[in-house]
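Before any comments, here is the structure.
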Ligand code: SF4
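Residue numbers (the numbering used here), protein chains in the order written: chain H, 3 to 199; chain F, -2 to 462.
Pasting the structure below:
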């Protein structure tokens, strides 16, 4: 997994609420047997019509917006457990998602793939959307060490939460499997007394 | 100290706690399927760890399989590659596979319970969010991402934050024509799609304990649609009767011993939940969804609510519907009865009981996809097969099918599909498809009438089982 420390980038705003995993990566694109290449089909049905023509009006098709941070409306990533959603966002080039609420499984999947979900207050999310609307080149700065999201050049900033363990993992580029493997003998010990009916 | 059902099962599976508050949870059963496992196998190969406990893994092919001519090679090459990859992986790692052609094949959440693999008090995971289904047995069951599939393969454990607990109590008697699907659609319409985020839900109350195992599974299945990690119901006699005698259930003495343990699995009287809700069964109408998330549900004869939210407007536009409008009388072209929510034998029986001697409306394409080979077989034995065929329904072979439209079973753009599945997201059943979620009985009635009707006017015809 790639390390994450600080990230300063312009953003892509997607104010829709309840963006579900079927929108992020429609099921018909889940047929791959590798982790790569999902970025191409990110938000496929919002980006392209049935003739594969780019749809006007969808934010990813607007060349005046770019950046590796996606700012999304409340309850981002609801729906299925498909990790392909996190892979697609990462593969497309996103490294962090900001929202005022994340669906559980999505959040875990993102963290396991070096994609940082940053949960902010509804008010702060509103401010970001407003600033980006008036100035497309607005940058955001995410500082994982200080757990702080700020808008450079303005007075706005907010602290965000992340579990201490996940933070260490991201800072060092470790994942859960490395950690669990180091606990193997303890797991074997547990099995000695664990009864399953 | 008094504990909730969830805490009892969770605590008995803790290997260790990590300083940061996470816990290492031991996993008893791991189901895998073709879509979310290939990248995990890749990881296992890359790390060279091998499988930690291969006997705790059960595999099936369901998401991507055709529902016609399953004995022939899969035509879609990408689907075929995925299914073949699963076969190869199971072969390489010596995992039990109930693949195409196997008498136990079927949707992963249907076969686990029907084979007696799913049992009370277990921890069960699968790379699929509807793993919550298995919670109906008083198990902790939840969906995981592919990285976690790899974790379980490598260590039989997961590193997790303990979810909060919620109890939803439903007391009273359901009205005629109202079933467990209506209960869960009603709950989600009240709590919203994020109402359960961060929680593990226990369903309780007299309306829940009166339900069959199939009906309980329908409720737990959709827990995820309100954002919850999973749902569970305390095991009781109904659970034991269901588990007894199945292929992998404990037999003889072991079964009696198991029951002694299972009898301890309930929430103690003074156990504390982080959140509680209560509803009255009498107030639940037959439900239908009108929007593009499962929380957008109403009583079938109610009007679509009004809202100023942009997301709400966008959703109605996609569905071709308007605020304040009634759905009654709306013409329907497709009816899909299937998915891990409602494709069990009991669901097929309900449909068959209603449509017996009737004919589907001419313009309706009605498709029934049984949840598993075993359901298919039993339907044949009971003659349900014939009844459905005579009524004009098309019977398919088992798989996820039009629930997510990964195979060729898709709904055409702009058309309405009355579906017994669990998700009505944009494009879920195919690009531009418009899904409305209902119970199997409601789906059966609408298939016959060809339009949305107040099903309560038809239920007198139902012979209650
Ligand atoms: S039937 Fe639908 S919801 Fe259930 S496992 Fe298959 S795709 Fe998922």
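No residue lacks a Cβ here, since even glycine has one placed at the ideal position from N, Cα and C.
This structure is a prediction, so every number in the text was calculated from the model and none was measured.
Would you kindly work out how many angstroms separate the C-alpha atoms of residue 281 of chain F and residue 137 of chain H, rounded to a whole number? For the purposes of this step, residue 281 of chain F is identified with residue 284 of the second chain, where counting begins at 1. For the purposes of this step, residue 137 of chain H is identified with residue 135 of the first chain, where counting begins at 1. Cα to Cα, the separation comes out at about 49 Å.
Could you compute how far the alpha carbon of residue 113 of chain F sits from the alpha carbon of residue 336 of chain F? Looking up residue 113 of chain F in the second chain gives position 116. Looking up residue 336 of chain F in the second chain gives position 339. Near 19 Å, if we compare the C-alpha coordinates of residue 336 of chain F and residue 113 of chain F.
Whole-angstrom distance between residue 5 of chain F and residue 109 of chain F, CA atom to CA atom: Position 112 of the second chain, counted from the first residue, corresponds to residue 109 of chain F. Position 8 of the second chain, counted from the first residue, corresponds to residue 5 of chain F. Put simply, the backbone Cα of residue 109 of chain F is about 22 Å away from that of residue 5 of chain F.
Cβ contact check for the segment 17 to 29 of chain H and the segment 77 to 95 of chain H: 3 or more pairs under 8 Å: Yes, they touch.
Bridge partners for residue 2 of chain H per DSSP, in chain order? Outside the displayed range of chain H (3 to 199) lies residue 2 of chain H, so it cannot be described from this structure.
Give the DSSP bridge partners of residue 228 of chain F, in chain order. What you label residue 228 of chain F is simply residue 231 of the second chain in a count that begins at 1. Residue 228 of chain F is bridged to F:198.
Just how far apart, CA to CA, sit residue 460 of chain F and residue 355 of chain F? One-based indexing of the second chain puts residue 460 of chain F at position 463. One-based indexing of the second chain puts residue 355 of chain F at position 358. For residue 460 of chain F, the predicted model reports a pLDDT of 47, less than 50, meaning its position is unreliable and no value from the coordinates is stated.
How would you list, in chain order, the residues of chain H whose beta-carbon sits under 9 Å from the beta-carbon of residue 121 of chain F? As a position in the second chain, residue 121 of chain F is number 124, starting the count at 1. At a C-beta separation below 9 Å, residue 121 of chain F has no neighbours in chain H, since its nearest C-beta there lies roughly 11 Å away.
Completely contained alpha helix (DSSP H) runs for the segment 376 to 441 of chain F, where each covers 4 or more residues: Secondary structure remark: continuous alpha helix (DSSP H) runs of at least 4 residues inside the segment 376 to 441 of chain F, in chain order: 381 to 387.
Using 8 Å as the threshold, is the C-beta distance between residue 439 of chain F and residue 247 of chain F below it? As a first step, residue 439 of chain F must be located in the second chain, where it is residue number 442. As a first step, residue 247 of chain F must be located in the second chain, where it is residue number 250. At the C-beta level, residue 439 of chain F and residue 247 of chain F stay beyond 8 Å of one another.
Assuming residue 15 of chain H is part of the beta strand (DSSP E), what are its boundary residues? The sequence position of residue 15 of chain H within the first chain is 13, counting from 1. It spans 8 to 16 - the beta strand (DSSP E) in which residue 15 of chain H sits, taken as one unbroken run.
Taking 8 Å as the threshold (beta carbon to beta carbon), is residue 8 of chain H in contact with chain F? The count along the first chain starts at 1 and reaches residue 8 of chain H at position 6. No, no contact with chain F.
Test item: CB-CB of residue 353 of chain F and residue 390 of chain F under 8 Å: Your numbering for residue 353 of chain F matches position 356 in the second chain. Your numbering for residue 390 of chain F matches position 393 in the second chain. No.
Any idea what DSSP makes of residue 141 of chain H, helix, strand or coil? For the purposes of this step, residue 141 of chain H is identified with residue 139 of the first chain, where counting begins at 1. In the structure shown, residue 141 of chain H sits in a strand (DSSP, three-state: E or B).
Below 8 Å on the Cβ atoms is my guess for residue 180 of chain F versus residue 209 of chain F; work out the distance and round it to an integer in Å. To locate residue 180 of chain F, count along the second chain from 1; it is residue 183. To locate residue 209 of chain F, count along the second chain from 1; it is residue 212. Not confirmed; about 13 Å, so no contact.
C-alpha gap between residue 226 of chain F and residue 309 of chain F, whole angstroms: Residue mapping note: residue 226 of chain F aligns to position 229 of the second chain, counting from 1. Residue mapping note: residue 309 of chain F aligns to position 312 of the second chain, counting from 1. The straight-line gap from Cα to Cα measures roughly 25 Å.
What are the residues of the segment 109 to 142 of chain H that lie near chain F, defined by any Cβ-Cβ distance shorter than 8 Å? For the segment 109 to 142 of chain H, which is checked against every Cβ of chain F, the residues closer than 8 Å are 110, 111, 114 and 115.
Along chain F, which residues have their Cβ under 7 Å away from the Cβ of residue 29 of chain H? Numbered from its first residue, the first chain carries residue 29 of chain H at position 27. 401, 402 and 403, listed in chain order.
Neighbour list for residue 23 of chain F in chain H, Cβ cutoff strictly below 9 Å: On the second chain, position 26 is the one that residue 23 of chain F refers to. The answer, in chain order, is 189, 192, 193 and 196.
For residue 147 of chain H, count neighbouring Cβ atoms within 10 angstroms of its own Cβ and tell me buried if that reaches 16, exposed if not. Position 145 of the first chain, counted from the start, is the residue given in the question as residue 147 of chain H. Result: exposed.
Could you check the C-alpha separation between residue 214 of chain F and residue 138 of chain F for me, to the nearest Å? Sequence index remark: in the second chain, residue 214 of chain F carries index 217 (1-based). Sequence index remark: in the second chain, residue 138 of chain F carries index 141 (1-based). Between the alpha carbons of residue 214 of chain F and residue 138 of chain F lies a gap of roughly 12 Å.
Checking 8 Å against the spacing of the C-beta atoms, do residue 376 of chain F and residue 342 of chain F come in under that value? Locating residue 376 of chain F in the second chain gives position 379, where the first residue counts as 1. Locating residue 342 of chain F in the second chain gives position 345, where the first residue counts as 1. Yes, the Cβ-Cβ distance between residue 376 of chain F and residue 342 of chain F is below 8 Å.
Please return the same chain residues whose Cβ sits closer than 7 Å to the Cβ of residue 446 of chain F, not counting the five positions on each side in sequence. Translated into positions along the second chain, residue 446 of chain F becomes position 449. These residues qualify, in order along the chain: 358.
Can the beta-carbon of residue 367 of chain F be found less than 8 Å from the beta-carbon of residue 259 of chain F? Residue 367 of chain F sits at position 370 when you count from the first residue of the second chain. Residue 259 of chain F sits at position 262 when you count from the first residue of the second chain. It is not a contact, given that the beta carbons lie outside the stated cut-off.
Name the chain H residues whose beta carbon is nearer than 7 Å to that of residue 147 of chain F? Locating residue 147 of chain F in the second chain gives position 150, counting from the first residue. In chain order: 179.
Simplified DSSP assignment, three categories, for residue 368 of chain F: Counted from its first residue, the second chain places residue 368 of chain F at position 371. Shown here, residue 368 of chain F sits in coil according to DSSP, grouped into three states, outside any helix or strand.
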